[in-house]
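Below is one structure, written out as structure tokens; comments come after it.
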Amino acid sequence: DLQEELRAEITAARAASQGDTVQMLKMVPLVKGALKETLRLHPVAVSLQRYTSEDIVIQNYHIPSGTLVQLGLYAMGR
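Going by this note's numbering, the sequence shown opens with residue 3, and the numbers climb by one from there.
What follows is the structure, given as structure tokens:
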């Protein structure tokens with residue numbers, strides 16, 4: 003079960019790192035992967051907004067400089 007693998011990885015990293023948090027974080031790749039996957043499927047923010055700094059063309063659509071562009075993070079993670 004994945005939850006038990008995560009728990010075992012954390013327990014081993016805590017013992018090996020001897021209280022060094024930076025070292026411990028280097029020893030838990032499964033935990034990092036699980037967190038990234040969780041945030042991909044359930045993003046903290048709904049969208050990301052940016053203004054274009056210059057004119058751009060994306061798939062034959064012209065987007066003028068200064069246009070507010072919004073990305074749906076939930077849809078991007080699917």
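We put the beta carbon where it would ideally sit given N, CA and C, even for glycine.
None of these values were measured; they are calculated from a predicted model.
Counting only residues of its own chain and dropping the five nearest sequence neighbours on each side, T69 has a CB closer than 8 Å to the CB of Y53, T54.
Between the alpha carbons of Q25 and I60 lies a distance of about 43 Å. For V33 and A77, the gap between their C-alpha atoms comes out near 24 Å. The Cβ atoms of P31 and L75 do not sit closer than 8 Å to each other. CA-CA distance, A36 to L43, rounds to 11 Å.
Excluding sequence positions up to five before and after A14, its CB lies within less than 8 Å of the CB of M29, all in the same chain and listed in chain order.
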